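For reference, the structure discussed in these notes is given below.
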Amino acid sequence: MANNPKTIHRRTSGLSPEFALLGFLDQSPAHGYELHQKLIDQLGEIWHCSQSQTYNILTRLEAQGFIEGTPQPQEKRPDKRELCLTESGHERFETWLDVLSPCSVRAIRIEFMTRLYFLHARNPQAAFAMIDSQIEALYAHLERLKSHLIDLPEAQTFNRLGMSLRVSQLETLATWLESCKSLIPLQSQR
Numbered sequence: 667m668a669n670n671p672k673t674i675h676r677r678t679s680g681l682s683p684e685f686a687l688l689g690f691l692d693q694s695p696a697h698g699y700e701l702h703q704k705l706i707d708q709l710g711e712i713w714h715c716s717q718s719q720t721y722n723i724l725t726r727l728e729a730q731g732f733i734e735g736t737p738q739p740q741e742k743r744p745d746k747r748e749l750c751l752t753e754s755g756h757e758r759f760e761t762w763l764d765v766l767s768p769c770s771v772r773a774i775r776i777e778f779m780t781r782l783y784f785l786h787a788r789n790p791q792a793a794f795a796m797i798d799s800q801i802e803a804l805y806a807h808l809e810r811l812k813s814h815l816i817d818l819p820e821a822q823t824f825n826r827l828g829m830s831l832r833v834s835q836l837e838t839l840a841t842w843l844e845s846c847k848s849l850i851p852l853q854s855q856r
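Taking my numbering, I'd label the letters of the sequence shown as residues 667 to 856.
Have a look at this one:
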């Protein structure tokens, strides 16, 4: 992982567990059902995804060339497909792993936590470095929001309330991120 993760600026409404699935496949090949179970067991409080959604995402990732499946015959049952990352899937996951999440509560709760899970599984020190980088980006974003709040006219009560809420949420999030460093084990539990 690079020392200075790249910051990405985009809306978070399209968050999908596709990178969690790519990450599990980066760890080892697996069947679709196994991937869904890992998603539930390891990241179920972060991602709420039905089995059919998992299969739809896997189908899309395969069509895009990020994963490939190999049929595995089973006695008296339909063939299973073992899925693995392609080189482009691995590159896509590595690129995602090395960027900061947008500075929003939802992006940190979902995307950053997923990224942190995979970084920690590989290298706990990289996970701690990512926490520090995310905190730094969050404080810089908070300063911009606070400046904007000061510039809002007093007569724009609801704009000021909305901005004040965003600032309060992100301040709480920054405090929570600081506490993560004491809650995460120093060694991978994979």
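Think of the CB as a built atom: it goes at the ideal place given N, C-alpha and C, for glycine as much as any other residue.
Model, not experiment: these values are computed from the prediction.
Residue i, buried or exposed, once every other Cβ within 10 Å from all chains shown has been counted against 16
i, result
"Ala773", "buried"
"Pro768", "buried"
"Arg810", "exposed"
"Ile816", "exposed"
"Ser770", "buried"
"Phe732", "buried"
"Ile674", "At Ile674 the pLDDT is 42, less than 50, meaning the model places this residue with poor confidence and gives no usable figure here."
"Glu777", "buried"
"Arg781", "buried"
"Thr720", "buried"
"Lys847", "exposed"
"Leu831", "exposed"
"His814", "exposed"
"Ala668", "Here the model assigns Ala668 a pLDDT of 44, short of 50, so the residue's position is not dependable and the matter cannot be decided."
"Leu766", "buried"
"Leu852", "exposed"
"Leu709", "buried"
Which listed residue (the options) has its alpha carbon closest to that of residue i
i, options, result
"Phe690", "Leu811, Gln719, Gly755, Pro744", "Gly755"
"Ser682", "Gln791, His714, Ser694, Glu734", "His714"
"Glu748", "Ala696, Pro851, Gln835", "Ala696"
"Leu839", "His807, Ser716, Glu734, Gln740", "His807"
"Thr725", "Val833, Leu827, Gly698", "Gly698"
"Val833", "Gly735, Thr823, Asp707, Tyr805", "Tyr805"
"Gly735", "Val765, Gln717, Leu709, Leu701", "Leu701"
"Leu849", "Leu827, Thr823, Pro790", "Pro790"
Strand pairing of residue i, partner residues [DSSP]
i, result
"Arg743", "Gln740"
"Ala793", "None, per the DSSP bridge assignment."
"Gly731", "Note: Gly731 sits in no beta bridge, so no partner."
"Ala696", "Leu749"
Beta-carbon proximity check, residue i vs residue j, cutoff 8 angstroms
i, j, result
"Ile723", "Met779", "no"
"Leu727", "Glu757", "no"
"Leu751", "Phe784", "no"
"Leu688", "Phe759", "yes"
"Ala729", "Leu705", "no"
"Ala787", "Gln693", "yes"
"Met829", "Leu818", "yes"
Would you call the segment 836-845 and the segment 796-814 touching, i.e. three or more CB-CB distances under 8 angstroms?
yes
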